[in-house]
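Structure first, then comments.
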Amino acid sequence: MVRRIFIAGNWKMNLTLAASLELAKGLKEQLAGIRDVDVAVCPPSIYVQQVAASLKDSNIGVGAQNVYHQAKGAFTGEISTGMLLDVGVRYVILGHSERRHILHETNEDVNLKTLAALASGLTPIVCVGELLSEREAGTTEMVVREQFEGSFANVSADDMKRCVIAYEPVWAIGTGKVATPDQAEEVHFSIRNLIEKKYGKEIAESVRIQYGGSVNDENAKEILAKPNVDGALVGGASLKVESFVKIVKSA
Ligand code: 13P
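Start counting the sequence shown at 0; every next residue gets the next number (numbering that gives the first Met the number 0).
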């Protein structure tokens, strides 16, 4: 089974509108010829509409960094799946470690959002990953298993096929301390086993598992070469045309 590599940029809470549009324009120009890699950018939600419009006739998809699970109503400050779709968004990052650890999102929250995203037709990019203390305590596999089971509860086999998982060890995010290709591969392999146990081999083989955490244009190639690494979720290095383009091209 050949899985298409999927490189996504998570811009987090960075850039201005002007800088977002300039970045999108640069990526559109420089990635115009890319056909065999899937690419997406995930701007801050206030900019997604304009970024999506500027990338309309391109091969770059647009994702959001979060969504609320309810369709509409009295949920001040929240944004629904329908609203994202309405402005051209196709992907949504869910359960990012910054949302889990700073904004206290639980596996149950992530699960509701995953189910809502799937029901709407958005592709969820569901993040899992251990803290440094958890890795040092030897509990990485257990933590990732609990996050997987919690986040994908009640997700059907048909829907699972459409999910993307991002393994992002928290200690590697924004620290410059990238996981070694072998460390990434080990966890990706165990995630694929979790999928296989619950959904069978065929689906496990089709789900794409991205690595995230200090990916840059120098380390991307080696990590992406691992058999169970099917892409990257890139933070800091996705904020510059040059480095993001290099990462996509190294795939
Ligand atoms: P960095 O690439 O800046 O470490 O961020 C990774 C990340 O959290 C992507 O979602």
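Just so it is clear, CB atoms sit at the ideal spot from N, CA and C, and this is done for glycine as well.
Backbone secondary structure at D56 - three-state DSSP: Shown here, D56 sits in coil according to DSSP, grouped into three states, outside any helix or strand.
Do you know offhand how far L20's Cα is from Y67's? Approximately 25 Å, taken between the alpha carbons.
Roughly how many whole angstroms lie between the Cα atoms of V233 and S119? The straight-line gap from Cα to Cα measures roughly 25 Å.
Going by the C-beta, is G212 closer than 7 Å to any heavy atom of ligand 1? It does: the Cβ of G212 is within 7 Å (strictly closer) of some heavy atom of ligand 1.
Member of Y46, Y198, Y90 and K27 whose CA lies at the smallest distance from the CA of L54: The shortest C-alpha separation from L54 is found at K27.
Are the Cβ atoms of S205 and M12 separated by less than 8 Å? No, they are not a contact pair.
With hydrogens ignored, establish whether the beta-carbon of N9 is closer than 7 Å to any heavy atom of ligand 1. Yes, ligand 1 has a heavy atom inside 7 Å of this Cβ.
Y67, enclosing alpha helix (DSSP H) - first and last residue: Unbroken run through Y67: none, as it is neither H nor E.
F5: first and last residue of the uninterrupted beta strand (DSSP E) it sits in: Counting along the chain, the beta strand (DSSP E) containing F5 begins and ends at I4 to N9.
Considering only heavy atoms of ligand 1, does any lie closer than 7 Å to the CB of I246? If you check the C-beta of I246 against ligand 1, you find no heavy atom less than 7 Å away.
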